[in-house]
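**Q** Protein chains in written order, with our numbering: chain A, 199 to 395; chain B, 199 to 395.
We put the CB at the ideal spot given by N, CA and C, even for glycine.
1) Determine the chain B residues that contact residue 258 (chain A) at a beta-carbon separation under 7 Å, and present them in chain order.
2) Residue 292 (chain A) CB to nearest chain B CB: under 8 Å?
3) Decide if the stretch 302-313 of chain B is in contact with the stretch 244-253 of chain B; the criterion is three or more beta carbon pairs, one per stretch, under 8 Å apart.
4) Using a threshold of 8 Å, state whether the C-beta atoms of residue 253 (chain A) and residue 199 (chain A) are closer than that.
5) So residue 329 (chain B) is in the alpha helix (DSSP H); what residue range does that whole segment cover?
6) What does residue 246 (chain B) touch in chain A if you count any residue whose Cβ is under 9 Å from its own?
7) Taking the Cβ atom as the reference point for each residue, do residue 295 (chain B) and residue 264 (chain A) lie within a distance shorter than 8 Å?
8) Is the stretch 310-328 of chain B close to the stretch 355-367 of chain B, with three or more CB pairs under 8 Å?
9) Label residue 350 (chain A) either buried or exposed according to how many other C-beta atoms from any shown protein chain fall within 10 Å of its C-beta, with 16 as the threshold for buried.
10) Shorter than 8 Å from the beta carbon of residue 264 (chain B) to some beta carbon of chain A?
11) Shortest alpha-carbon distance to residue 231 (chain A) belongs to which of A:202, A:225, A:258 and A:214?
12) So does the stretch 269-286 of chain B actually touch the stretch 325-343 of chain B, counting three or more Cβ pairs closer than 8 Å?
13) Given this structure, state the Cα-to-Cα distance separating residue 341 (chain B) from residue 374 (chain B), to the nearest angstrom.
14) Closest to residue 245 (chain B) by CA distance: which of A:318, A:327 and A:293 is it?
15) Helix, strand or coil: how does DSSP classify residue 240 (chain A) here?
16) Quick check on the DSSP output: the beta strand (DSSP E) that includes residue 226 (chain B) runs from which residue to which?
17) Just the Cα atoms here: how many angstroms apart are residue 397 (chain A) and residue 324 (chain A)?
18) Establish whether the CB of residue 238 (chain A) and some CB of chain B are separated by less than 8 Å.
19) Give the DSSP-derived three-state secondary structure of residue 343 (chain B) in the structure shown.
20) Assuming residue 153 (chain B) and residue 212 (chain B) are in contact, meaning their beta carbons sit under 8 Å apart, how far apart are those beta carbons, in whole angstroms?
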């Protein structure tokens, strides 16, 4: 199994973390997509969107972090990580949607402005990120995990850019239940970190 | 089944369209979230994110268009709309991810700037939208549907903001395979339109 990977990408880290929790081995293929690096034709042939992460599992190529989490959960995980019944499955999907919206276009973009000089409006990204953190915090006041009584891929998908929020100038200390959930994530058997965590 | 709904929302239309294709009946609960309209406490109790669509299926409340599509497909659809096996499921998820990224933050935001005076950078949104259209078009040159040999919820999720792209100042006539796919969508038995289509 090959993972096209970039160390500082929170989206790539979602896959590295999930593989670690599942005990899956893979070969890392480093890709540099930071501003100014051209996307090679070889890489665009693997992923026409030109983004990491991409997984190549013995010839089955899956791009996009959300799609890869779903693929790995269904193929190598069990019902815990991604339920099959309509309502529990929808609970996971709701928080995957939050991870793709408030967290990616709020928190992750704020971090990209601060760390990688990307051109987005920092205040607007932070405001969007804060709305995501508020929704997460309210939910985690009454729940230990986002979508079920145990961790699912929803937690894996939301965790990186939440935990990295301080790199985008967003303090987490107003979100006490989020902080406790971060501690629970870091206590999972097999947990690995990434730079900045 | 109640659908908290806004007529001009492409995300709400995804659900209306899928219900029409599945032959599902629902009661529409109109919500006005256009700029300047306060979000009521009643509505925030239903969806803490304060967004439409929200589905209430006999007390099972699901928010977020992507989560609702997955819920309806698993509960009332069949394997066609959302496969269960890892690889075909991942194919659907990949295009759901495109719908949540290039299409929502590119095409839908460009439309929101033009139609609803939202404050985003029109040129940047259009550029992101164009990259999504290019990926879709290249894929649809070799495939009739996005994720399988027949339509799935990936097509439902991607269709609205692609078809509405001209409202955001994006011509589709450079994307011939996308145009043909739009025509195939509109020919599906049970298809319904929305304002602007």
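**A** This is what the structure gives:
1) Start at 1 with the first residue of the first chain, and residue 258 (chain A) comes out as number 60. By Cβ distance, chain B contributes 285.
2) The residue given as residue 292 (chain A) occupies position 94 in the first chain. Flagged as an interface residue toward chain B: residue 292 (chain A), by a C-beta distance shorter than 8 Å.
3) no
4) Residue 253 (chain A) sits at position 55 when you count from the first residue of the first chain. Residue 199 (chain A) sits at position 1 when you count from the first residue of the first chain. Closer than 8 Å, so yes.
5) Taking the second chain and counting its residues from 1, one reaches residue 329 (chain B) at position 131. 320-338 is the span of the alpha helix (DSSP H), which, as asked, contains residue 329 (chain B).
6) In the second chain, residue 246 (chain B) corresponds to position 48, counting from 1. Residues of chain A passing the Cβ test: 332, 333, 336 and 337.
7) Numbered from 1 along the second chain, position 97 holds the residue referred to as residue 295 (chain B). Numbered from 1 along the first chain, position 66 holds the residue referred to as residue 264 (chain A). In this structure, residue 264 (chain A) lies closer than 8 Å to residue 295 (chain B) by Cβ.
8) yes
9) Locating residue 350 (chain A) in the first chain gives position 152, where the first residue counts as 1. Buried.
10) Mapped onto the second chain, residue 264 (chain B) falls at position 66. For residue 264 (chain B), the answer is yes, since a Cβ of chain A falls inside 8 Å of its Cβ.
11) Counted from its first residue, the first chain places residue 231 (chain A) at position 33. Ranking A:202, A:225, A:258 and A:214 by Cα distance to residue 231 (chain A) puts A:202 first.
12) As far as the Cβ criterion goes, the stretch 269-286 of chain B does not touch the stretch 325-343 of chain B, which means the pair count is below three.
13) In the second chain, counting from the first residue as 1, residue 341 (chain B) sits at position 143. In the second chain, counting from the first residue as 1, residue 374 (chain B) sits at position 176. Cα-Cα distance, rounded: 13 Å.
14) As a first step, residue 245 (chain B) is located in the second chain; it is residue number 47 there, counting from the start. Distance from the Cα of residue 245 (chain B) is smallest, within the candidate group A:318, A:327 and A:293, for A:293.
15) Counted from its first residue, the first chain places residue 240 (chain A) at position 42. Here residue 240 (chain A) carries a helix assignment [DSSP, helix/strand/coil].
16) The residue labelled residue 226 (chain B) in the question sits at position 28 within the second chain. It spans 225-228 - the beta strand (DSSP E) in which residue 226 (chain B) sits, taken as one unbroken run.
17) Summary: the structure shown does not reach residue 397 (chain A), with chain A confined to residues 199 through 395, and so no result is reported for it.
18) In the first chain, counting from the first residue as 1, residue 238 (chain A) sits at position 40. Closer than 8 Å: no.
19) For the purposes of this step, residue 343 (chain B) is taken as the residue at position 145 of the second chain. Of the three classes helix, strand and coil, the one that applies to residue 343 (chain B) here is coil, per DSSP.
20) Shown here, chain B extends from 199 to 395; a query on residue 153 (chain B) therefore has no answer.
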